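Counting from 219, one number per residue, gives the positions in the sequence shown under the numbering used here.
Each residue gets a CB set at the ideal place from its N, CA and C atoms; glycine is no exception.
On a predicted model such as this, the values are computed, not experimentally measured, just so you know.
Working notes for the structure below.
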Amino acid sequence: MLGVMDREAAAQAIEAFLRALGRDPAHEPELIGTGARVAQAWADELLAGYRVDVDALLSSNVLPGASDVVIVRDLPVTTMCPHHLMGSSGTATVAFAPDEHLVGVGTVGRLVDAFARRLALQEQVGERVVAAMQKHLSPHWVACRLVLSHACMTARGERAHGARVETVAIAGGDVDPNLVHGLLGVGR
Numbered sequence: 219m220l221g222v223m224d225r226e227a228a229a230q231a232i233e234a235f236l237r238a239l240g241r242d243p244a245h246e247p248e249l250i251g252t253g254a255r256v257a258q259a260w261a262d263e264l265l266a267g268y269r270v271d272v273d274a275l276l277s278s279n280v281l282p283g284a285s286d287v288v289i290v291r292d293l294p295v296t297t298m299c300p301h302h303l304m305g306s307s308g309t310a311t312v313a314f315a316p317d318e319h320l321v322g323v324g325t326v327g328r329l330v331d332a333f334a335r336r337l338a339l340q341e342q343v344g345e346r347v348v349a350a351m352q353k354h355l356s357p358h359w360v361a362c363r364l365v366l367s368h369a370c371m372t373a374r375g376e377r378a379h380g381a382r383v384e385t386v387a388i389a390g391g392d393v394d395p396n397l398v399h400g401l402l403g404v405g406r
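Below is the structure:
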């Protein structure tokens, strides 16, 4: 878990960063208050996932029941890359074959958001979603597909506008990866 964020120190660091880039927040009207706004955005939104107790979220929402397959599609995802501190956005699809336990579909969305709103690589988000669901629900299998556009690819470097990165994390005993890929819409 992330410790308590020192917003004042973060705001001062942002202002120092701007000065290091040759911009002066004290003398440029559009930059006045930027340090505080950036610190607030990171604390309240971009890193809000650190405040979510994933174990409590899942354990308090487990329901008895079963279904052949549950698929939750097009969950909005925003995450921050730890390499460049730039955002990625897109969608997640989570699918699982319950054994004896289900979880509400809203909980699946909150779970994805909890792991995405941290400093995390795209691959880590999917792996963490799958591991948490495996731990709390013990499904036959569980999978998470993320399709994201990365600002580090579109705003800098390659400037590959329109490029999307697709990752799939799968866990479970007798899982047929081809079946799961088809259910998730991999490659579409």
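- A Cβ-Cβ distance of about 5 Å is found for the pair L364 and A310, placing them in contact under the 8 Å criterion.
- When C-alpha distances from Y268 are compared across L397, E376, V404, V222, the shortest belongs to V222.
- Counting other Cβ atoms within 10 Å of its Cβ, D273 stays below 16 and is therefore classed as exposed.
- In the structure shown, A389 adopts extended strand secondary structure according to DSSP, grouped into three states.
- Of the residues R335, A266, H301, L329, the one whose Cα lies closest to the Cα of V290 is L329.
- With contacts defined as CB atoms closer than 8 Å, V383 and Q340 qualify as a contacting pair.
- Take the alpha-carbon of G308 and the one of E318: they are about 31 Å apart.
- Assignment of beta-bridge partners to M298 by DSSP yields G305, L337.
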